[in-house]
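Take a look at the structure below.
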Amino acid sequence: MAPHERIDYLRSFLHEQNHRYYVLNEPVISDMEFDMLMHELQDLEAAYPEYADPNSPTQRVGSDLSVAFRQVTRTKPMLSLGNTYNEGEIQDFYQRIVKETGHDVDIVCELKFDGTSISLEYEDGELVLASTRGNGTMGDDVTRNAKTINSIPLKLRGDYPAHLEMRGEVLMPHAAFDLLNQQRTDIGEPPFANPRNAASGSLKLQSSSQVANRQLDCILYYVMTDDRHFSNHIESLEAAKEWGFKISPSYKLCHNLDDVYEYIHVWAEKRKELPFDIDGIVLKVNDFSVQRDMGATAKNPRWAISYKFKAEQAHSRILNISYQVGRTGAITPVANMEPMQLAGTIVRRASLHNADVIASLDIHEGDTAIVEKGGEIIPKIVGIEIEKRLEGAKPIEFPTSCPVCGTALKRIPGEAAHYCPNQTSCPPQITGRLLHFVSRKAMNIDSLGDETIELLHKYGYINDISDFYQLTPHQLLNLPGIKEKSALHIINGIKESLNVPYHRLLFALGIRFVGETVAKKLADEFPSIDALREANPLQLMLTEEIGERIAQSVVDFFADGKNIEIIEKLRAAGLQMKAVKKELLGENLKGLNFVISGTFVNHSRDELKSLIESNGGKMLSGVSSKTNYLVAGDNMGPAKLEKAQKLDIHIISETDLLKLIDNGKLD
Ligand code: IVH
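For what it's worth, the working numbering labels the leading residue of the sequence shown as 340, then goes sequentially.
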């Protein structure tokens, strides 16, 4: 097979597998096979740049180039929908249509996805433009970012029209949202308020490789094309499904208002089981000729309307506001309320996020709060019942000093949070940092829980992370509730953490804005703590995903003498301060490139791989003219074999490979 044939084959095969996995939810090959073929395609594209394709499956990984978004003007504006909130308003909508058309009409009910709207344009089956809604007529070109969303087809399938525009919604599923917010709070960044904000924020990120990590999804709900005749909405949706789009299966054709009400009642409950948020139901006239006759106002189509779910609300008195101090010193106000029943749970607390939120709600002492729990799980104070305000109640004033250590608070211009600057001796900041240090993704000392850490600090045994390594069994046994067995467990856990690799230590140090991924990137680029310490902001910013803010934070961290002292103590205790290079066992494979295929008798593929690498050889993911040896096991792929034969590449067995490693030659 000529290279470009293989490239074409891999592209269409990977598009197909992608569709099966992300749109149909029915994968047929393993993740590993997918990754291997993707690598093979990447290698081939690098070797044959003349066959580049902007819609190749390899383009989904995004890039770090930061470019301003180009504005696009559209001829058919993206309209929004009129809202209704009760059955009476739905009835008005329906009767108006019946009156104008003179007969009953079928209505399609759909879910109203709570994300950010997107338009996708295709020419001859190729994605050419993805744009945001903007003001309806003008939006941002977000094509590069949209390509990283796996459920968006880059190439259409089947009998698609030559010119096509699809409109739909980009969503962030709950699981991805929770993970993202966890990562953000881990590094001291404010969490997103809800998946909708997270989705629209992600779509507008400058670096598309970051967008690729956000696990966005895209559901399409409207087909626009002049090249194909459809008589109704459902027909067009079903066709779009065949072209490869993700279409929600939850729509329903309703013949009368009762059908519509039933749909609404069912989804008002069932929405709690969905993996993403919906904020209502959309009603659309199914028949396209009726849609055309009815037309649109400047803002809304007259043939469609949304019904918004009411978020459940409860009212409760605010008992007091407490102020939590995080590990970075950020102060979070929390309203403590009389317990109330809300959407199936008892709610006692709601975060007020920062001083601006308190001010905009104009909260006074003893006020009655209106608390809401929408599709989102976290309760939120949305307002105050002014009529119930107690006479003479004073407005809540944000503290000027730290509620725990008393230090005067600071507010960094441009940031919403107040900070306690007393990093070294403010207790919750210290215990917060200690807890972060031992957490699973950091040093993973799981024998140490919140309570023990607080006690260790209270007893004066541990003040900073380096003190963990001076801890004695005797000190632990002094703590209430700690017996010999758990003391031993803790000491062992701490000892084991000496083997935790350098990149995780870097994350564990708790440098502001340095999360797990950033720590890994920094460790790859600066393979020792000393190299990192010496780096200037410009050098740091040359690293993938490191911008000015992170670079400055790293520099500030190392400029603080106390941090250097801690690092030196950690070094003395024997922690991993360098990235471990794969140990070279020999050099007999130096300069040779290998591909492995099939299954083997004496070693696993991973073992063979690491044997090759530790003897100086290089692994390639696919057979190419650069390959020196193809190590063939049982059941190897026929395509690889054929290709290797064509390119005249040595095909060797597992035993041959071992000989080569031992002797540097085959016999
Ligand atoms: S139809 C002309 N269908 O709701 C077509 N919109 O104000 C107009 N939305 O921002 C939109 N789910 O992004 C339609 N199933 C659905 C929808 C939906 C969510 C969003 C849309 C728009 C807003 C309507």
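Virtual Cβ for every residue (Gly too), placed ideally from N, Cα, C.
May I have a chain-ordered list of the beta strand (DSSP E) segments no shorter than 3 residues that lie completely inside the region 422–491? If one requires a minimum length of 3 residues, the beta strand (DSSP E) runs lying completely within the region 422–491 are 446–452, 455–462, 465–471 and 477–479, in chain order.
Have a look at the DSSP bridge pairing and note the partners of F933. According to DSSP, F933 bridges with M958 and Y968.
Count Cβ pairs between the region 620–635 and the region 678–694 that sit closer than 8 Å; are there 3 or more? Here the region 620–635 does not lie against the region 678–694, with fewer than 3 beta-carbon pairs under 8 Å apart.
Proximal residues to P819 (C-beta, below 8 Å), its chain only, five neighbours per side dropped: Answer for P819: L794, listed in chain order.
Where P396 falls, given that 16 or more other Cβ within 10 Å makes a residue buried: Buried, by the Cβ-count rule.
Rounded to whole angstroms, how far is the Cβ of S458 from the Cβ of M417, which I believe are closer than 8 Å? Contact between S458 and M417 is confirmed by a C-beta separation of about 6 Å, below the 8 Å threshold.
Leaving out five residues on either side along the sequence, give the residues of the same chain with a beta carbon under 7 Å from the beta carbon of G634. Same-chain partners within the cutoff: R641.
Shortest alpha-carbon distance to A694 belongs to which of L681, T707, S661 and V710? Among L681, T707, S661 and V710, the Cα nearest to that of A694 belongs to S661.
Any non-hydrogen atom of the ligand IVH closer than 7 Å to R535 Cβ: Answer for R535: no, Cβ out of range of the ligand IVH.
May I ask you to report which of helix, strand or coil DSSP gives P640? Note: P640 maps to strand in three-state DSSP.
By the DSSP assignment, the beta strand (DSSP E) with N659 in it spans what residues? Where N659 is concerned, the enclosing beta strand (DSSP E) stretches over E651 to V664.
Okay, do the region 459–469 and the region 485–505 touch, 3+ Cβ pairs below 8 Å being the bar? Between the region 459–469 and the region 485–505 there are three or more inter-stretch CB-CB distances shorter than 8 Å, so the stretches are counted as touching.
Just reading off the alpha helix (DSSP H) that M375 is part of, what are its end residues? Per DSSP, the unbroken alpha helix (DSSP H) holding M375 starts and ends at D370 to A386.
Skipping 5 residues on each side, what residues in its chain have a beta carbon closer than 8 Å to that of S867? If you ignore the 5 residues before and after S867, its C-beta comes within less than 8 Å of the C-beta of Y841, M916, K917 and A918, all in its own chain and listed in chain order.
Please determine whether the Cβ atom of S805 lies at a distance below 7 Å from any heavy atom of the ligand IVH. Checking the 7 Å criterion, the Cβ of S805 is out of range of every heavy atom belonging to the ligand IVH.
At 3 residues or longer, what runs of the beta strand (DSSP E) sit wholly inside the region 500–575? Along the region 500–575, the beta strand (DSSP E) occurs as fully enclosed runs of 3 or more residues at 502–510 and 556–563, listed in sequence order.
Please go through the region 681–714 and give each complete alpha helix (DSSP H) segment of 4 or more residues, from N-terminal end onward. As far as the region 681–714 is concerned, its whole alpha helix (DSSP H) runs of at least 4 residues are 694–700.
Cβ contact check for the region 962–975 and the region 934–942: 3 or more pairs under 8 Å: Pairwise C-beta distances place the region 962–975 in contact with the region 934–942, as three or more of them are shorter than 8 Å.
Which residues in the same chain have their Cβ closer than 7 Å to the Cβ of T667, if we skip the five residues on either side of it in sequence? Cβ neighbours of T667 beyond the five flanking positions: G527 and R851.
Report yes if the CB atom of C593 is closer than 8 Å to the CB atom of C448, and no otherwise. For the 8 Å CB-CB criterion, C593 and C448 form a contact.
At 4 residues or longer, what runs of the alpha helix (DSSP H) sit wholly inside the region 866–935? DSSP runs (the alpha helix (DSSP H)) wholly in the region 866–935: 868–873, 876–880, 887–898 and 900–912.
Could you spell out where the alpha helix (DSSP H) holding L950 opens and where it closes? In this chain, the alpha helix (DSSP H) harbouring L950 covers R944 to S953.
Reference S548, options Q398, Q814, R345 and E379, closest by Cα: The residue with the shortest Cα to Cα distance from S548 is Q398.
Need the endpoints of the beta strand (DSSP E) that D618 sits in, please. D618 -> beta strand (DSSP E) spans I617 to V624.
Go ahead and pull the three-state DSSP assignment for R750. Strand at R750.
Do F531 and D479 have their C-beta atoms within less than 8 Å of each other? No, the Cβ-Cβ distance between F531 and D479 is not below 8 Å.
Rounded C-alpha distance that separates E384 from Y390: Approximately 7 Å between the Cα atoms of the pair.
At which residues does the beta strand (DSSP E) containing H989 begin and terminate? Going by DSSP, H989 is part of the beta strand (DSSP E) stretching over H989 to I991.
Cβ pair I670, Y602 closer than 8 Å: Cβ distance not < 8 Å, so I670 and Y602 don't count as in contact.
Only counting the same chain, and skipping five residues up and downstream in sequence, which positions put a Cβ closer than 7 Å to that of D566? Once the five neighbours on either side are set aside, the close Cβ partners of D566 are P500, A501 and H502.
Could you check where the beta strand (DSSP E) with G722 kicks off and where it finishes? From DSSP, the beta strand (DSSP E) with G722 extends over K719 to I723.
Start and end of the beta strand (DSSP E) containing L592? K591 to C593 is the extent of the beta strand (DSSP E) around L592.
So which of M477, K451 and P492 has the shortest CA-CA distance to V467? The shortest C-alpha separation from V467 is found at P492.
As assigned by DSSP and simplified to three states, the class of D973: DSSP places D973 in strand when its eight states are reduced to three.
Near the ligand IVH: A643 beta-carbon under 7 Å from a heavy atom: Yes, Cβ of A643 sits closer than 7 Å to a heavy atom of the ligand IVH.
Which residues mark the beginning and the end of the beta strand (DSSP E) in which T1013 is found? Nothing about residue 1013 can be read from this structure; the chain reaches only from 340 to 1006.
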